[in-house]
Amino acid sequence: MTWSHFIAFAIAALLLWGVGAWAAWKKKSALVYGATIAGIVVFMAFIVGLWTSLERPPLRTMGETRLWYSFFLPVVGIITYSRWKYRWLPGFSFVLALVFIAINIFKPEIHNKTMMPALQSPWFAPHVIIYMFAYAVMGAAALVAAYQLWRAHKGKAVDSFNVLDDLVGLGLAFITTGMLFGALWAKEAWGHYWAWDPKETWAAITWMAYLVYVHTRRVSPSSVKAPLVMLIVSFALLQMCWWGINY
Amino acid sequence: MWTRPWKFKEGFIIGAGLMLTGLALQCIVGKISWSMMASPVNAIVLATFVAMVVLMHLLRKRVYAFQYLSTYHAAIASLSWAVVLTIVMGLTRQAPSSASIGGLMGVLGIEQMLSAWHFVLVYTWLTLVLGLTILRVLSQCLSGAKPGKELLRRTPFLLNHLGLFIAITAATLGNADMQRLQLQAELGQPEWRATPSEHPDSVVELPLAIQLHEFTLDEYPPKLMMITNTSGKVLPVGNPQSIVIEDSVASGELLGWQVRVTRSIEEAAETTVVDSLATGADSVKVDFVPFHSMGYVFAAWVEADSANVHREGWVSCGNFMFPFSALKLGDYASIFMAEREPKRYASDVTVYVKDGDESGHVAARAVIEVNKPLEVEGWKIYQLSFNERLGKWSEYSVFELVRDPWLPGVYVGIFMMLAGALFMFLGFSSKRNDKQERRTES
Numbered sequence: 042m043t044w045s046h047f048i049a050f051a052i053a054a055l056l057l058w059g060v061g062a063w064a065a066w067k068k069k070s071a072l073v074y075g076a077t078i079a080g081i082v083v084f085m086a087f088i089v090g091l092w093t094s095l096e097r098p099p100l101r102t103m104g105e106t107r108l109w110y111s112f113f114l115p116v117v118g119i120i121t122y123s124r125w126k127y128r129w130l131p132g133f134s135f136v137l138a139l140v141f142i143a144i145n146i147f148k149p150e151i152h153n154k155t156m157m158p159a160l161q162s163p164w165f166a167p168h169v170i171i172y173m174f175a176y177a178v179m180g181a182a183a184l185v186a187a188y189q190l191w192r193a194h195k196g197k198a199v200d201s202f203n204v205l206d207d208l209v210g211l212g213l214a215f216i217t218t219g220m221l222f223g224a225l226w227a228k229e230a231w232g233h234y235w236a237w238d239p240k241e242t243w244a245a246i247t248w249m250a251y252l253v254y255v256h257t258r259r260v261s262p263s264s265v266k267a268p269l270v271m272l273i274v275s276f277a278l279l280q281m282c283w284w285g286i287n288y
Numbered sequence: 015m016w017t018r019p020w021k022f023k024e025g026f027i028i029g030a031g032l033m034l035t036g037l038a039l040q041c042i043v044g045k046i047s048w049s050m051m052a053s054p055v056n057a058i059v060l061a062t063f064v065a066m067v068v069l070m071h072l073l074r075k076r077v078y079a080f081q082y083l084s085t086y087h088a089a090i091a092s093l094s095w096a097v098v099l100t101i102v103m104g105l106t107r108q109a110p111s112s113a114s115i116g117g118l119m120g121v122l123g124i125e126q127m128l129s130a131w132h133f134v135l136v137y138t139w140l141t142l143v144l145g146l147t148i149l150r151v152l153s154q155c156l157s158g159a160k161p162g163k164e165l166l167r168r169t170p171f172l173l174n175h176l177g178l179f180i181a182i183t184a185a186t187l188g189n190a191d192m193q194r195l196q197l198q199a200e201l202g203q204p205e206w207r208a209t210p211s212e213h214p215d216s217v218v219e220l221p222l223a224i225q226l227h228e229f230t231l232d233e234y235p236p237k238l239m240m241i242t243n244t245s246g247k248v249l250p251v252g253n254p255q256s257i258v259i260e261d262s263v264a265s266g267e268l269l270g271w272q273v274r275v276t277r278s279i280e281e282a283a284e285t286t287v288v289d290s291l292a293t294g295a296d297s298v299k300v301d302f303v304p305f306h307s308m309g310y311v312f313a314a315w316v317e318a319d320s321a322n323v324h325r326e327g328w329v330s331c332g333n334f335m336f337p338f339s340a341l342k343l344g345d346y347a348s349i350f351m352a353e354r355e356p357k358r359y360a361s362d363v364t365v366y367v368k369d370g371d372e373s374g375h376v377a378a379r380a381v382i383e384v385n386k387p388l389e390v391e392g393w394k395i396y397q398l399s400f401n402e403r404l405g406k407w408s409e410y411s412v413f414e415l416v417r418d419p420w421l422p423g424v425y426v427g428i429f430m431m432l433a434g435a436l437f438m439f440l441g442f443s444s445k446r447n448d449k450q451e452r453r454t455e456s
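Each protein sequence line maps, in turn, to chains Y and E.
Position 106 of the first sequence, counting from 1, maps to 147 under my numbering, and the rest follow consecutively.
Position 362 of the second sequence, counting from 1, maps to 376 under my numbering, and the rest follow consecutively.
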């Protein structure tokens, strides 16, 4: 399985996710789960095939991380949907997944097979996959926050703090785990669990920024704009962590 | 302001006060020298700090400021200050702690944030808030009607907060006791001496020795790329493309050229053949023949076709024994072989440990490679580097030896936080708990 097979799997998965999103809007619950999970399985099949043919986890190039991003968006979507039944959510994750898949189809990058020895660790895959999942959740939270901020600006009621708190709680659990897995891996690979290199510094910043949101929500649940802005700023900080500041 | 109960404003002003105090200290005594924290100072500091947190907790009813420090407002204010200072650190290139920086930058300390008083004061404040909050919640649990049940209910909170408190204090205070040394072991010879990573000029004798039996380097398959003849830039500029030679053959396209590798010699030596029929520069041709001892290179016979042009010849990346050979396609570009990337490197070693009578005994025989360190007598031994010029024929291997006596403390904290994150994932911190918490906070 190589990248040349990607388009077939991507279109099949997108069709299934599209059906799931439509079914959610039409409140056909069984079809939402059936179609979305079928799409996830199809997409997963491609990832597994690519992983096997590369002989390493596909987690290195930007194209490969986008692959995980477009995989996790529907996963996050369906989990969140199953818990809180927001009918717009599968559609939302479908559109985001579509964007990342489209980038991978129209602007592919070189897909290198080599991986330096320091990355060849059992910690590597869980560390990156957990972070990708967290990014997907926090990305969803930031978009919902931006939408709510716009509503607040128009003088409309903000009604999504429950879903935001749930998303951030889930995302924070994953960011914490990803960061600590990174520390445990760093100890095995580089001899120290935390060396304050730029990546680690930005990971700490991001983590604390979300902690500010969580604590603010608990002490002043009635404030509206400040926590929404925090979520957008925190997600911007997360981008620094992802793209990395490399001197 | 300063009317009770204190809220965010007071918290942010406390942070500003710490900033000013820190800057004043930077001016007067200069940056923090962490090596002063080495044992036993760090243990004393830890005991004092914990005693101080407990004392402040006990005095919370009498001193309002102590009570305030265990509130959400104080937590948010200290976290926000920590975020701001860490962002400054993340945006500034950090200098090593040993460098001395004078003038305004020295006072601001932003290039050595970890040694800057204001940074350390803000994080200490954060840790103090954390400690006081943990004690408040603990004492609330224990003073209730059903202490056991309450403790169980607050387990996720305790794992997250106490875990962070333990990890942060152990990591910070233990840092000065951490030893990092580099040891270069020559093939066959036990080596007892190492150089501290931060002071490469000095040499220390270790209680253990490493003897290198064999060094192995596995490489990824070679790659063909196109470069410009004049500047040596890989083409296309900014988006270099390559053809991987697997199982000694390959084919592909590079910038409109059909490139084929029809045969390769995995272990080859470069020779020159004199063509007696040709004259001048053309009379000497490069050839490759099988060669199985030290210094062999990978050589590929490359055929390239574009429109009506056909080129063929040997391509090799060369090494310390043989120069590289490229296939010139024309005036503009050539096909060359990129230096092969290391896939895995490993050292087969015996580690000896000194006994009382100075004669060593064998403590371990193992293969050390990247991501697979060896632990012996409290030391972790990491594969660091080798003689890169000689590659797989490197006659030495460099190891990093790390001793970190406070590591178990840090790991206890990390695993508590991981358990806390699991609870968070499972959604145990329900809204009901928080409302109850808010009511009982002050």
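Even for Gly, the Cβ is constructed at its ideal location relative to N, Cα and C.
The structure presented is a predicted model; accordingly, all values stated were derived computationally and were not measured.
Determine, using beta carbons only, whether E:M103 and E:L238 come nearer to each other than 8 Å.
It is not a contact, given that the beta carbons lie outside the stated cut-off.
I need the boundaries of the alpha helix (DSSP H) containing E:Y82, first residue and last residue.
Y78 to Y82 is the span of the alpha helix (DSSP H), which, as asked, contains E:Y82.
Taking the continuous alpha helix (DSSP H) assigned at E:F26, which residues delimit it?
Note, E:F26: alpha helix (DSSP H), F22 to V43.
So E:E391 packs on E:L222, CB below 8 Å; how close in whole Å?
The distance from the Cβ of E:E391 to that of E:L222 is about 6 Å, consistent with a contact at the 8 Å cut-off.
Can you tell me the Cα-Cα spacing of E:P170 and E:T85, whole angstroms?
C-alpha of E:P170 to C-alpha of E:T85: approximately 18 Å in a straight line.
Would a C-beta distance cut-off of 8 Å place E:E389 and E:A360 closer than the cut-off?
No, the pair does not count as a contact, with Cβ atoms beyond the cut-off.
E:M33 CB to nearest chain Y CB: under 8 Å?
Output row for E:M33: interface = no.
When the cut-off is 8 Å and only beta carbons count, does E:F229 lie next to chain Y?
No Cβ of chain Y is located within less than 8 Å of the beta carbon of E:F229.
Give me the Cα-Cα distance between E:H132 and E:E228, rounded to the nearest whole angstrom.
Rounded to the nearest angstrom, the gap between the Cα atoms of E:H132 and E:E228 is 50 Å.
Report yes or no: do the stretch 206 to 218 of chain Y and the stretch 408 to 418 of chain E share at least 3 C-beta pairs separated by less than 8 Å?
No, the stretch 206 to 218 of chain Y does not touch the stretch 408 to 418 of chain E.
Please list, in chain order, the chain E residues whose beta carbon lies closer than 9 Å to that of Y:I144.
The premise fails here: Y:I144 is roughly 15 Å from chain E at the closest Cβ pair, so nothing lies under 9 Å.
Residue range of the unbroken alpha helix (DSSP H) whose run includes E:K163
Residues P161 to R167.
In whole angstroms, what is the alpha-carbon distance linking E:E260 and E:V98?
Near 50 Å, if we compare the C-alpha coordinates of E:V98 and E:E260.
C-alpha distance - E:V273 paired with E:L341, whole-angstrom precision:
Going by the C-alpha atoms only, they are around 11 Å apart.
Using beta carbons (cut-off 8 Å, strictly below), is Y:W237 in contact with chain E?
Interface annotation, Y:W237: in contact with chain E, CB-CB separation under 8 Å.
Quick one: which chain Y residues come within Cβ less than 8 Å of E:Y410?
Within chain Y, no residue comes near E:Y410; the closest Cβ sits about 18 Å away, beyond 8 Å.
Work out the CA separation of E:M15 and E:E24 for me, nearest whole Å.
Rounded to the nearest angstrom, the two C-alpha atoms are 7 Å apart.
Is it true that the CB of E:A347 sits closer than 8 Å to the CB of E:M240?
The Cβ atoms of E:M240 and E:A347 sit closer than 8 Å to each other.
Euclidean distance between Cα positions of Y:I151 and Y:W231
Confidence in Y:I151 is poor, its pLDDT being 48 and thus under 50, which makes the residue's placement too unreliable to answer from.
Please list, in chain order, the residues of the stretch 421 to 432 of chain E that have any C-beta partner in chain Y closer than 7 Å.
Contact annotation: in the stretch 421 to 432 of chain E, residues whose CB is within less than 7 Å of a CB in chain Y are V424, I428, M431 and L432.
Pick from Y:V117, Y:P167 and Y:G223 that is closest to Y:G180, judged by C-alpha positions
Ranked by Cα distance from Y:G180, the first of Y:V117, Y:P167 and Y:G223 is Y:V117.
Could you tell me whether any Cβ in chain Y is nearer than 8 Å to the Cβ of E:E164?
The C-beta of E:E164 comes no closer than 8 Å to any C-beta of chain Y.
Assess, as a yes-or-no matter, whether the stretch 234 to 252 of chain Y is touched by the stretch 110 to 122 of chain E under the definition of 3 or more beta carbon pairs within less than 8 Å.
The stretch 110 to 122 of chain E and the stretch 234 to 252 of chain Y do not touch, with fewer than 3 CB-CB distances between them shorter than 8 Å.
Using DSSP bridges, identify the partner residues of E:E389.
DSSP output for E:E389 lists E:K394 as bridge partner(s).
Cβ shell of E:N333 (< 6 Å), same chain only, five flanking positions each side left out:
Excluding sequence neighbours, E:N333 sits near V311.
What does the alpha-carbon distance come out to for the pair E:V300 and E:E281?
A straight line joining the alpha-carbon of E:V300 with that of E:E281 spans about 16 Å.
Exposed or buried, what is E:V298 when buried is set at 16 or more other beta-carbons lying within 10 Å of its beta-carbon?
When all chains shown are included, E:V298 counts as exposed.
Spatial neighbours of Y:A187 in its chain, beta-carbon cut-off 7 Å, leaving aside the 5 residues before and after:
Cβ neighbours of Y:A187 within its own chain (closer than 7 Å, five residues either side excluded): I273.
Need the endpoints of the alpha helix (DSSP H) that E:L432 sits in, please.
Run containing E:L432: L421 to L440, per the alpha helix (DSSP H) assignment.
Identify which residue in E:R76, E:T186 and E:G266 has its Cα closest to the Cα of E:V424.
E:V424 has its Cα closest to that of E:T186, out of E:R76, E:T186 and E:G266.
Flag Y:R259 as yes if its beta-carbon sits less than 8 Å from any beta-carbon of chain E, otherwise no.
A Cβ of chain E is located within less than 8 Å of the beta carbon of Y:R259.
Separation of Y:R97 from E:K357, as counted between CA atoms
Here the alpha carbons of Y:R97 and E:K357 stand approximately 12 Å from one another.
Which residues, taken in chain order from the stretch 223 to 235 of chain Y, show a beta carbon closer than 9 Å to some beta carbon of chain E?
Listed by position, the residues of the stretch 223 to 235 of chain Y near chain E (Cβ gap below 9 Å) are A224, L225, W226, K228, E229, A230, W231, G232, H233, Y234 and W235.
Within a Cβ cutoff of 8 Å, which residues of the same chain sit near Y:Y251, ignoring the five residues on either side of it in sequence?
The answer, listed in chain order, is M179, V209, G212, L213, I216 and S275.
Cβ-based neighbour list, E:G309, same chain, cut-off 8 Å, excluding 5 preceding and 5 following:
Cβ within range, chain order: A283, N333, F334, M335, F336 and W407.
Cutoff 7 Å; reference E:G405; Cβ partners in own chain excluding five residues on either side:
The residues are L231 and N333.
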